[in-house]
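Enquirer: Here you go, one structure.
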Amino acid sequence: MADFGAPRPLENTAAGAVAAARDMVDQFNTARATSNDAGIIAGRQDT
C-alpha cells in the first residue's frame, strides 16, 4: 500500500513553482490594473 504521507520533492517543487508563477501573474495584473486606474484618473490611458 502506498504511503501517502511520504514526501515527494519533485512534485512539491513543481507545485510550488506553479503557485509562485500564479502569484507573480496576480501581482503583475494587480499592478497593471492599478497603474491603468491611475492613468484614467490623471486623464490619460495607455492602450
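So in my numbering, spot 1 of the sequence shown is number 5, and the numbers just go up one at a time.
For each residue, glycine too, the CB sits at the ideal point set by N, CA and C.
1) For A19 and R26, I'd like the C-alpha separation in whole angstroms.
2) Between the alpha carbons of A24 and R36, how many angstroms are there, rounded?
3) Output the distance between the C-alpha atoms of N40 and N16, rounded to the nearest integer angstrom.
Expert: Short version:
1) To locate residue 19, count along the sequence shown from 1; it is residue 15. To locate residue 26, count along the sequence shown from 1; it is residue 22. Approximately 11 Å, taken between the alpha carbons.
2) Counting from one through the sequence shown, the residue named residue 24 turns up at place 20. Counting from one through the sequence shown, the residue named residue 36 turns up at place 32. Going from the Cα of A24 to the Cα of R36 covers about 18 Å.
3) Start at 1 with the first residue of the sequence shown, and residue 40 comes out as number 36. Start at 1 with the first residue of the sequence shown, and residue 16 comes out as number 12. Those two C-alpha atoms are separated by around 36 Å.
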